[in-house]
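Student:
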Amino acid sequence: MIKLHGLSKSYRTDTVETIALNNINIEINQGEFVSVMGPSGCGKSTLLNIIGMLDTPTSGHYYFMDEDIARFKESRLGNIRKQYIGFIFQSFNLIDELSVEENIELALLYHNIGGKERKQRVEQAMEKMGIAHRAKHMPGQLSGGQQQRVAVARAVVGGQRVILADEPTGNLDSHNGQEVMNLLQQLNDEGTTIVMVTHSASHADYAQRTINLFDGHVVTESIRGKERLVNTAVIESTTA
Amino acid sequence: MFKSYVQLALRNLLKHRLYAVINIFGLTIGLMVFLLGEFLAAYEYNHDNMFSARDQIYVAGAIIGPNINIGIDKADSVHTALAPLLDAELDDDVLIARTIDREMVLSKDNDNYLQRMHFVDKEFFRIFDFTYLYGDESSLDQKEGIVLTRDMAKKFFGRVDVLGETVRIKNSQDLYVTAVIENLPKDTHFNSSIILRKSLDIIASIDMLSDVTNFEGDWFNLSFNADRTYILLPWNRNEAWLQQQLSAVYERHAPPFAKEFVTGVKVYPLVDVNTFVWDAAGLPIIESVRVLGLLVLLIACVNYTNLATAQNFSRTREVGLRKAFGATPMQLLTQFLVESLTLASVSLLLALVAIEMLLPVYNSLAGKHVVLNYVDALPMLISVVVVVALLAGAYPAFLITRLNPIDSLHNSMLKGRKGGLFRSVMIGGQFAISIFMLSIVLIVHYQNMKVEEESHIFPKSQIVVMDNIGWDEIKPHHETLRQELKEIDGVEQVSLSSTVPFSQNSNVIKVTSIKGDESNVIAIDQLSVDYDFFDLYGVDFLAGRDFDQTITNDAYRDSSSQLNVVINQMAAKKLGIENDPIGKTFYNTTDPDRGGLEASSLQFNVVGLIPDLNIRGLYNSVQPYVFFIRPENHVRASVRISADADFQSVLQKIDVAWESVIPGHPISRSFLDDIFNDVFIIFESMNQALAVFSAIALDLALIGLFGLAAFMAKLKTKEIGMRKVLGANIFQIVRLLIWQFSIPVMWSLLVAIPLAYFASNIYLNFFADRISFVPVLIGVSCVAGILLSWMIVAGHAIKIAGANPIHALRYE
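Take a look at the structure:
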């Protein structure tokens, strides 16, 4: 479903060029649960942003459902994004001025869906995430865990087939973190593809596959605990 | 501590330059407009300080009857017959003097000058203490005396020490200069009466006026803003006492016909006279200037409040730190108020500099002498700065110092909607004021345009009007003058009449449909014309005929018992003869006291019918009119010049013709256009002043919105980012932001629309014929206000909406 081939991303200022991602080759199949790990600044979020079409690569190819979208314009990317991809952020990114149901409905507003159906789908999503009783509350009145559940509901309410989660448990205590992971697991079981950036090894274990990044390179990939070295040059250069 | 506050305030201004410039610019403009309005008002309200008895001097004024249609309900003059009667009945220590304003020919050797002169009772110089260069207050005790100002002495004699020199008045009487006084300053009601600027520079005795003209104090005429009756009270008498005396004398002596026109008399303090004309016309100009100035200042204060509230959000961390280190809320409040005080003071200084630069321009344009007296103004300036600083700075200061330290350190205000309602109300308020002002400007403009358009019923740019035709020494030459003028190449027509269109005087005659039926008297405006009047003014007849020289009854003679007349449709209707009025008759009412057409009984035969034309024009309603020929009423001549003629050369020939027929008598002529503009310019200047005010107000509101939109866009970065991630396109985001700002602007309409409607009525009520599309104009202003606010917000919105959502979401 998602295939990155020789993909690089660099940021250039007047004097310095910073390489965020360097020659990345990743393939993610439909229905897979993949976690991305690595130290701060290794390029995890940049990778997620490019996968989520919020950012474009400097070079290389990005095949989304067999179509190379690396050079697509923002408006075209926006259309693909809103149809297929849902986002979950560490800081929830709920809009403080909107109630729980309005926040979730936001994801349907730009989909040409009638008001009645929107309402129905929002109710279903809230039911599924166990937050129906909080429908009229404002984000400020909810706990972190509840807020993240609202964010998850928002990410899937449009029937998105891919969820990109950027440290979804980073702002939560262990109990709430666990609950959110269970929700993601449940979504994955129902067929949703999930790509999750995380610092927590235990949460990464929910995934079928973990990709480890270091300085913009994929260094290892492990499938349920079995690690496979991908790029020895980087490991050697850092241990030397 | 205070020093550090000021220092910090200045550093903050430097750090946030854009906000500082917007704030200082806004407050400077606001303060400048407000203070300028206050200074101008103080100037107009505080005239005549040079006269030591100012506060004991009063003017006798008239209360105009409710059915008299002349556009004002009171006057600062009374009939000239009243003063002698009052003088006879009051104690000797009450001084009374009339001034009569007339144009006269004054000659020195062989030079003739047409001069405006004031003829006064001798007590005039004891009521007003002028500065004498030569002579003294007894100068007009003899009627042959004449008093000149320094400039007039120089004009006539080339020097100032001219006591005993002679000038000749009306080529008949020698006058001796008995005093020379210093030129009057500009801030006396004699010089600047706001509308008609008549200066007091040549003064002679009323007794002399009676000698050279047929003047005697009478109950017929009332000259507004020109002839006045002044009264100086001794210190033991007051206004109420004078009012009582004046009313009693008027009641006892005024004849019934005078009381119909002037229902009562009222005493006014001298200090009210300068601004009286606005008051009488029901146009509160000076108060309007002050209110508009205040509104502009308010908008500027709101700008400051809004921007400061917004800008302070970026300083929550600073406040948190200060609190954490022990600052009390009071100390923080003081700190932020010192900042607004600093800013207001900087703005005040800039405003004063601007005013100092503007005043000379205003003074030379308006012929005034407004000067800034800092010593007198200091208490007001200090209080204005303090009030502005408090008004504008208190809310943002309060809002930010209220936070608890932890929230402040976490910049928590950025997350909330605190102050949102307040900001919306402020924006709404600003736009309410701006849209209100814009509506008024449009309404006044279109009403003025209507007045101007309607004046084109007469070819006013082609018509030259000559004055003084009614003077005794000119009357015998009427026919010769007419012939000479008609022979000029380029002159199409010449006509003599008792008045001309757009001239603001009214002369009614009372008539009845049935002879002697005193119970059904109708008042109709009368206008004496000649055989060529209707042709000259391009008036077409609806029925009947124009006057004819061969028909005896077409012109009035002393022995006439019948007179053929032309009437307009309205008169026909009033007389009940609107169906086929030609050949119908009506009758005058007789009043031997009044003379003229009312001296003896007369039958009017209608020979012609013309359409209803607005002869007086401007703000007046169309009146019923009767036209007839009575040459002795004629005081003005109209000359119509062919449109394709060389006007300059025709005018020269007119002057030559006049000089040849009436030598030694300078011509006094003007275009009908100018007569119209004399009054119209008042409405036009009002509109221009309003436009300036409203442009400033709207600009300030837009600048404020610009600053606030910048801030709000920043505040909404996360929301915008999230919406984009969820699939919103740029257009949808821009629409959302614009809509959010539109809500307060929409609410403002609820205030602006009724306010504009009622305020415009104050102006429109002054006019008889009003524009009918006021709601449309208010609608246009509303749409303009909304569109402008959209444009301002859209600029920011497009920038923000076009940004990459990643940055927006990383914002926190």
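Protein chains in written order, with our numbering: chain P, 1 to 240; chain G, 241 to 1052.
No residue lacks a Cβ here, since even glycine has one placed at the ideal position from N, Cα and C.
Keep in mind that this is a model prediction, so the values were computed, not measured.
Mind checking residue 921(G): buried by the 16 CB within 10 Å criterion, or exposed?
Tutor: exposed
Student: Would you identify the three-state DSSP class for residue 603(G), choosing helix, strand or coil?
Tutor: helix
Student: Just checking my contact of residue 735(G) with residue 878(G) at CB under 8 Å: how many whole Å lie between their CB atoms?
Tutor: 5 Å between Cβ atoms; contact.
Student: What does the alpha-carbon distance come out to for the pair residue 196(P) and residue 541(G)?
Tutor: If I take the Cα positions, the gap works out to 51 Å.
Student: When you compare each of 698(G), 732(G) and 550(G) to residue 637(G) by their alpha carbons, which one comes out closest?
Tutor: 550(G)
Student: Compute the Euclidean distance between the alpha carbons of residue 9(P) and residue 206(P), then round it to the nearest angstrom.
Tutor: Cα to Cα, the separation comes out at about 28 Å.
Student: Does the region 870-889 of chain G come into contact with the region 698-709 of chain G, if we say contact requires no fewer than three beta-carbon pairs (one atom in each stretch) closer than 8 Å?
Tutor: yes
Student: So, with DSSP's three-state summary, where would you put residue 111(P)?
Tutor: Residue 111(P) carries a coil assignment under DSSP once its states are collapsed to helix, strand and coil.
Student: Sort 670(G), 523(G), 661(G) and 416(G) by Cα distance to residue 536(G) and report the nearest one.
Tutor: 670(G)
Student: Alpha carbon to alpha carbon, what distance is there between residue 368(G) and residue 374(G)?
Tutor: 16 Å
Student: Would you say residue 99(P) faces chain G, with C-beta separation under 8 Å as the test?
Tutor: no
Student: Counting only C-beta atoms, is residue 95(P) closer than 8 Å to chain G at any point?
Tutor: yes
Student: Short of 8 Å Cβ to Cβ, which residues in the region 103-120 of chain P face chain G?
Tutor: 106, 107, 109, 110 and 111
Student: For the putative contact between residue 704(G) and residue 911(G), defined by C-beta atoms under 8 Å, what is the C-beta separation to the nearest angstrom?
Tutor: 6 Å
Student: Does the CB of residue 667(G) have a neighbour CB from chain P at under 8 Å?
Tutor: Not an interface residue.
Student: Is residue 661(G) close to chain P? Criterion is C-beta to C-beta, closer than 8 Å.
Tutor: no
Student: Please confirm whether residue 78(P) and residue 5(P) have their CB atoms less than 8 Å apart.
Tutor: no
Student: Please identify, using Cβ separations under 7 Å, the residues of the region 73-97 of chain P that lie next to chain G, in order along the chain.
Tutor: 75, 78, 81, 82, 87, 89, 91, 93, 95, 96 and 97
Student: In terms of alpha-carbon separation, which member of 386(G), 679(G) and 770(G) lies closest to residue 740(G)?
Tutor: 770(G)
Student: For residue 49(P), does the count of other Cβ atoms within 10 angstroms reach 16, so buried, or fall short, so exposed?
Tutor: Burial call: buried.
Student: In the structure shown, what three-state DSSP assignment does residue 72(P) receive?
Tutor: The answer is coil: DSSP assigns residue 72(P) none of H, G, I, E or B.
Student: Taking three-plus beta-carbon pairs below 8 Å as touching, is the region 678-698 of chain G in contact with the region 994-1003 of chain G?
Tutor: yes
Student: With residue 40(P) as the anchor, note down where its beta strand (DSSP E) starts and where it stops.
Tutor: Taken as a continuous stretch (DSSP letters only), residue 40(P) belongs to no beta strand (DSSP E), as it is neither H nor E.
Student: Three Cβ pairs or more, each shorter than 8 Å: is that satisfied between the region 453-473 of chain G and the region 316-329 of chain G?
Tutor: yes
Student: Is the beta carbon of residue 180(P) closer than 8 Å to that of residue 149(P)?
Tutor: yes
Student: Going along the region 45-66 of chain P in order, which residues come within less than 7 Å of chain G, judged by CB to CB distance?
Tutor: 49, 54 and 55
Student: Helix, strand or coil for residue 22(P), going by three-state DSSP, please let me know.
Tutor: strand
Student: Determine, for residue 653(G), whether the minimum Cβ-Cβ distance to residues of chain P falls below 8 Å.
Tutor: Low local confidence applies: a pLDDT of 48 at residue 653(G) is under 50, so the model's placement there is unreliable, and no value is given.
Student: Are three or more beta carbon pairs between the region 382-397 of chain G and the region 406-422 of chain G nearer than 8 Å?
Tutor: yes
Student: For residue 1002(G), decide whether its Cβ has a neighbour in chain P, counting only Cβ atoms nearer than 8 Å.
Tutor: no
Student: The beta strand (DSSP E) with residue 5(P) in it runs from where to where?
Tutor: 2-12
Student: Taking Cβ-Cβ distances shorter than 8 Å, what residues in chain P pair up with residue 958(G)?
Tutor: Within chain P, 93 and 95 have C-beta atoms less than 8 Å from the C-beta of residue 958(G), given in sequence order.
Student: Between which residues of its own chain and residue 55(P) is the CB-CB distance below 8 Å, once the five residues before and five after are set aside?
Tutor: 9, 46 and 49.
Student: Should the region 158-169 of chain P be regarded as contacting the region 86-94 of chain P, the criterion being three or more beta carbon pairs within less than 8 Å?
Tutor: yes
Student: Any chance you could list the beta strand (DSSP E) runs of at least 3 consecutive residues sitting entirely within the region 937-993 of chain G, in chain order?
Tutor: none
Student: Which word fits residue 112(P), buried or exposed, when buried means at least 16 other C-beta atoms lie within 10 angstroms of its C-beta?
Tutor: exposed
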